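In my numbering, the protein residues as written are -13 to 451.
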């Protein structure tokens, strides 16, 4: 049951421990540290990374002289002396620090939980293995087009604590949530509208298996009230199952008739609303699916059809997601670094295969305990039009085993792949970074990987003969 949101902010005169500062300038850790420092709390920040790796965010906190730091390790004494612990989403619930906190009866929360407990506005939350950022951004664009005041945050690299004090009762908040953030959702303050784009194999290096991963995602709607809404993908096995389990109102999108939003290669229909696929500036069936989910979320809060249509017609791919970097000498270069699963890479292949003569894919990285059999089957069927570059990493070894008969080149650096592909690609070809794996083998995160790719591509004229 939903409780009335509190107007009293926590933290004054409390000893608050931020468990995981993080490196993103508006991420969960630093935003929580700033939030509680401004409230007058006694803040301690701890992170397993050393000060040199966190220099940017430490610099952003330098105004707050009373903040204490324990870096390069976690000190049990910091746990013991805390009144409240704010855990970074990447800190697992079974981490020894959180086990100690529970043993001592010290409350553990998250930036998302704090926000939801105190946010006065309508909250639309989005999760899923793929399409979270795109769907969240589409929903925000539709709301803005209808004249609503909108705040966008969460896993999209902006903690909602950065704007909590500015949110009004008549505003709308769109939150993108990872599986880790879903796990920290407060039971009594669920999102008014929840969206699950899909559920595919991912993060199996973190979760015990798909059952645990799916249940983490399901927390986005598990505690909703009977008047709340959940939007589910009926083409997804988990989505179909969850339609029977959701406590609130269920809306579905998918390819089959009977869904509240039906999509195909032609376009999307929802009630009297229809938009042709040709009117969308996003590639791939997966993005048509994302748009279908966004349409239902917008309709749930009475956004007019005209505003939905205009927002979709004006929407462009987000950075790092099937992002066109440039066309150079007739060759298209695409940054899809956020494709960190084989399903994401297959979606990129399906989007560009019909519109390219030949495809040059840059794959590989750190392993997340994922299976690459289907990726291998898809690529082998197109092996005569395909050349693959493999970056270093354990996932690359698994991918290599599935690419029998394909033209594969192992490279030490991303730069080497870009230079080689640019020397071989001809007019009408596409060079696509869509790794299908995590970035941690060589990069801090997938965004750094994408930035390196973009820099390499933009420097190509200087290397041309």
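Think of the CB as a built atom: it goes at the ideal place given N, C-alpha and C, for glycine as much as any other residue. For clarity, every value in this text was computed on a predicted model and none was experimentally measured.
Residue 413 is positioned such that its CB atom lies no closer than 8 Å to that of residue 311.
Remark: fewer than three beta-carbon pairs, one from each stretch, lie closer than 8 Å, so the stretch 68 to 86 and the stretch 110 to 129 are not flagged as touching. For residue 431, there is no enclosing beta strand (DSSP E), since its DSSP letter is neither H nor E. Uninterrupted alpha helix (DSSP H) stretches at least 4 residues long and entirely within the stretch 245 to 323 occur at 271 to 286, 291 to 300, given in chain order. Unbroken alpha helix (DSSP H) stretches of 4 residues or longer found wholly inside the stretch 49 to 137: 62 to 66, 82 to 90, 97 to 104, 118 to 131, given in chain order. One thing to note: residue 432 has its Cβ within 8 Å of the Cβ of residue 326. Of 24, 81, 121, 94, the smallest CA-CA separation from residue 283 is found for 121. Between the beta-carbon of residue 301 and that of residue 267 there is about 6 Å, and that keeps the pair under the 8 Å contact cut. Looking at the DSSP output, residue 183 bridges to nothing. Each residue's CA atom was taken as its position, placing residue 38 and residue 238 some 47 Å apart.
Following the DSSP letters along the chain, one finds residue 1 inside the beta strand (DSSP E) bounded by residues 1 to 5. Per DSSP, reduced to three states, the secondary structure at residue 410 is helical.
When C-beta atoms of the stretch 131 to 149 are compared with those of the stretch 175 to 189, fewer than three pairs fall below 8 Å, so the two segments do not count as touching. The continuous stretches of beta strand (DSSP E) do not include residue 193, and DSSP gives it neither H nor E.
Excluding five sequence positions before and after residue 427, the CB atoms of its chain that fall closer than 6 Å to its own CB belong to 351, 352, 378, 379, given in chain order. By the CB criterion at 8 Å, residue 99 and residue 176 fall outside the cutoff. Taken through DSSP and simplified to helix, strand or coil, residue 416 comes out as strand. Closest option to residue 365, judged by alpha-carbon separation, among 204, 347, 357: 347.
Just so you know, the alpha carbons of residue 249 and residue 279 end up roughly 10 Å apart.
When DSSP states are grouped into helix, strand and coil, residue 200 belongs to the helix group. The beta carbon of residue 299 sits closer than 7 Å to the beta carbons of 265 from its chain, once the five residues preceding and following it are set aside; these are given in chain order. Boundaries of the alpha helix (DSSP H) around residue 23: 14 to 24. In the three-state scheme derived from DSSP, where H, G and I count as helix and E and B as strand, residue 218 is classed as strand. In this structure, DSSP gives residue 326 a state outside helix and strand, which the three-state scheme calls coil. According to the DSSP assignment, residue 373 belongs to no alpha helix (DSSP H) but to the beta strand (DSSP E) extending over 372 to 376. In terms of CA proximity to residue 139, 97 leads the group 97, 40, 103.
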